[in-house]
Structure formats: structure tokens, C-alpha cells
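Take the sequence shown: its position 337, counted from the start at 1, is 337 in UniProt numbering, and no numbers get skipped.
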Amino acid sequence: MKIKYTHQITTMKKLAVLLTIPLLLLSCGNNEEGKSIEELIESENLEEIRAKKTELSKEQSDLTQKLDKLDQAINRLDKTRRLDLVMTQEISDTLFKHYAEVQGDIATDENIVVYAEFSGILQDLRVKEGDQVNKGQLLAKIDDGGLSSELAQLETQATLAKTTFERQKRLWEQNIGSEMQYLEAKTNYEAMQNSVNRLKSQLDKTIIRAPFSGIIDEVLTEEGEVVNPGQSQLFRLVSLKNMYVEADVPEGYLNKISKGTEVLVEISSLDREFEGEVKRVGNTINPNNRSFSIQVAVPNENGMLKPNQIATLKLNDYTAENAVIIPENALLKNAQGESVVFILQEKENGEDNIGIAKRQIVKTGYTYNNKIEITSGLETGKTLIVEGAKNLRDGQEVKIRN
């Protein structure tokens, strides 16, 4: 315990001596030099004033050099000194991708409103909201207003016309009867058949079928209502299988985005991210916002994606292989506006966890996700100071706390 106490007293004495030197110099300057300086100023002798300033500057420089030597000695001898703590990482090359972000909406081409194609009373509603239906499935029927009875009569007449035609055809082939009778029978049969087909086509419009497989999202009418073709909305049918994100991209990216460009699709409402690619690029520029449209296909296996849902598209507009990437917060700016980093050099004596911070001017490229590309000034294999570099000086000793 006595040896430790003696060491502390010795260290305190050293500090007291160092603190006393500037005070003595200041005191001397005030008592002796102050008056002569005032006299020099009052004499207004420019040459003597300049000579005195040069003399004092030399004394100041000598004193600074002596203080620096004392600091170096203290740093070498005082094992309890406190150094700035830094964190480091070794620099290696890696694949760097930059993404441009745009907002888009989820959509599907299979999202339609089914309208009535026949005028009449909706008499048979077969589905309700939320029902899963298949392509061609019967959804509803409209009262045909007696068309089915009319069709039955026409079909009977058409059958008779067909029999008459076939009979006249056989006679004509046997050179029996006139050509006129044969042609009249043929014309009558074809006219009756056309009438039957036309009436069947009209009757088909009284039956509403699903144009594709999907979900009945809304039932927009009620059974018993009178509906009119092209005016009355019956159902909203949606398919959630072939989904895509549609977005507008600024015109400046036209030479960077093309069909097949890699895209990350982020759905914040679901906290999910998908990988995809651009499946379509618009061929026109919107004059209102100077943008072009793109579509990106997205999977929807569990049906969680919905039309008009908001999505963020991250478009890969720049890729660099073997790039030098550092954390963005490790980059500093000097007074000249240059980009600066600090690298760590080992001390010659090999002191553990102690190194020297060396300032390095670099040039930068793209920045993404808190990472920045260094295009020149920094080599792989170097040790970069990533935390604690903000207040460092070039050549300063630091302690590593990795």
C-alpha cells in the first residue's frame, strides 16, 4: 500500500509542475513583458513591434514543442491514461446493390363488375358475398319474358323445315321436282335455323355466369329487381391469383429500369417483403408528372394481398461487384467539404488494443440502407474506425473496445 501511495504522489507532482509552467510564464509576461509591450505600442515603432512579436512567437513555438515532448513522455510512462474508445471493422469487398423506392398499388386485371345483358326481373340469385365461384358457374337468372316458349315453337318449326328440306333434296338428287321447290325448302330451313340460333343467343343473356374463377366480393342487386342491359350492376367478381403492383416511376430512371429488373416489394400493412421483377414497362410518359408506369407481379398464395393495397417498390437501379462498403456514420466531412474516414494503424511497440487513428480522404458513390459505397481512397484489408471517429485527430492514439 505504501508503494502505491508514493507512486500517486509522484504522478501528482508531475502534473503540478506541468500546470505551474504556463502560470509562471503568464505571470512573467504580465509583470515584465507587459509594460515593455505597452511602451512599444505607445512608441508606434512598427519594426520594433514586429520584432517583438517574432521573438514571442518563437518562444511560444519552443514552449509548444517542449509541452509536446512532455505529453509524449507522459503517454509513454503513464499506463493509467485515458484514451478515446473506438470500434473498428476490417474492410472487405462485397456485392453492393442500390434501390430506388417508389409507391404503388396492388391490382389485378380480374377485378370486374358484372352487368345485366338482358332486360327483365332478376328472379334467381344463386350466390352471396364471399362465395368462391368457378369459371362458367351459374350466378343468377333473369326472367326471359316468354322467350323460352317462343324458342320451343321455333324449334318445332325448324324441325319441320329441316324435314321438308331433306325430302326436297333427295327428290332433286333423283331429278324429281323443280329446282325452285328445292331452293325454297333450303332457304326456309336456313331462315328457321337462324331464328332459333338468334333466340338462343338472347336466352343465354338471361343466364349470368362467372367469366372467370374468383370470389363474389359484392352483390350489387337483389332478387326481384328489374335490371337493364349495360346499366344494372349485379356482382363484383375478384380473383386474387394474378396480382401485381402498379407504380409510376420518374422519367429519369427510364434508362435504368426495364423488363426483368430486380424488385423488392414491401407491404408494410402485412410486414412482408417479396422478391420480384418488372413484368411490364409503359411505353408513354405521363406529361402531368413526367413518369412512366411499370407492373411487378407478386405472389398471393394465402390470399392476404388485396386490390388497392399500398406497396413500396424497391427498384434495383445500380449494382457493383467487389465494392468497398462502409457504414454511413463512419464517414465525416472536413472544412473543405471532403469526405474523410479514419483507419487504424498498429503501434510499433505492439501495445494491446492501442492504435493510431490516421485520417484518409475518400470519394463516395451510392448510399443505401445506411451503407455507402467508397469508390476510391480506401483499400480492402484496412481496419476502419466505425464508431468514435467524430472527435479524433490525425495521428491520435486510441483504444479499441470491439
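C-beta atoms are modelled at their ideal positions from N, C-alpha and C, and glycine is treated no differently.
Asked	Found
Going by C-alpha distance, which of Glu179, Asp144 and Tyr189 is nearest Glu166?	Tyr189
Under 7 Å Cβ to Cβ from Ala140, same chain only, skipping five residues before and after it: list those, please.	Leu122, Asp124, Leu125, Arg126, Ile208 and Leu234
Confirm, please, whether the CB-CB distance from Ile361 to Gly381 is below 8 Å.	no
Ends of the beta strand (DSSP E) at Tyr366?	Ile354 to Tyr368
Which full runs of the alpha helix (DSSP H) of 4+ residues lie inside the UniProt domain "CzcB-like barrel-sandwich hybrid" (113-230), going along the chain?	147-173 and 179-204
Can you give me the C-alpha to C-alpha distance between Ile374 and Leu331, rounded to a whole angstrom?	10 Å
Find out if the Cβ-Cβ distance for the pair Leu344, Gly355 is shorter than 8 Å.	yes
Measure from the alpha carbon of Asp105 to the alpha carbon of each residue in Ser258, Val324 and Val249, then state which is nearest.	Val249
Expressed to the nearest angstrom, what Euclidean distance is found between the alpha-carbon atoms of Gln396 and Asp271?	45 Å
Please name the residue or residues paired with Leu83 in a DSSP beta bridge.	Answer is none; Leu83 lacks a bridge partner.
Exposed or buried, Ser92, counting other C-beta atoms within 10 Å across all chains shown (16 or more means buried)?	exposed
Could you compute how far the alpha carbon of Gly120 sits from the alpha carbon of Lys205?	11 Å
Runs of 3 residues minimum, wholly inside the segment 305-344: which ones carry the beta strand (DSSP E) assignment?	310-327
Is DSSP giving Ala100 helix, strand or coil here?	strand
For the beta strand (DSSP E) containing Leu384, list its first residue and its last residue.	Thr383 to Glu387
Count the CB pairs spanning the segment 254-271 and the segment 152-168 that are closer than 8 Å, and state whether there are at least three.	no
Indicate whether Val281 and Ile257 have their beta-carbon atoms separated by less than 8 Å.	yes
Measuring CB to CB, does residue 407 end up less than 8 Å from Gln103?	There is no way to answer for residue 407, as the model of the chain reaches only from 1 to 402.
Compute the distance between the beta-carbons of Ser239 and Ser213, then report whether it is under 8 Å.	yes
Considering only C-alpha positions, which residue in the set Asp84, Ile74, Gly260 and Pro211 is nearest to Gly388?	Asp84
Are Thr94 and Ile325 closer than 8 Å when you measure CB to CB?	yes
From Leu77 to Asp71, what distance separates their C-alpha atoms?	10 Å
Helix, strand or coil, according to DSSP, for Arg280 in the structure here?	strand
If you draw a straight line from the alpha carbon of Ala323 to that of Phe96, how long is it in whole angstroms?	6 Å
Count the other CB atoms within 10 Å of the CB of Lys314; is the residue buried (16 or more) or exposed (fewer)?	buried
Could you tell me which of Thr64, Gln132 and Glu275 sits nearest to Glu262, measuring between CA atoms?	Glu275
Taking just the CA atoms, how far does Arg82 sit from Arg401?	13 Å
Quick one: what's Asp62 bridged to in DSSP?	Paired residues: none, contrary to the question.
Quick one: give me the first and last residue of the beta strand (DSSP E) that Arg236 is part of.	Gln233 to Val238
Using the Cβ count rule (16 or more neighbours within 10 Å means buried), how would you classify Val113?	exposed
Counting only the same chain and skipping the five closest in sequence on each side, list residues whose C-beta sits under 7 Å from that of Asn370.	Pro327 and Glu328
Relative to the alpha-carbon of Glu90, which residue among Leu63, Ile385, Asn391 and Val398 has its alpha-carbon at the smallest distance?	Ile385
Per DSSP, Arg393 forms a beta bridge with which residues?	According to DSSP, Arg393 bridges with nothing at all.
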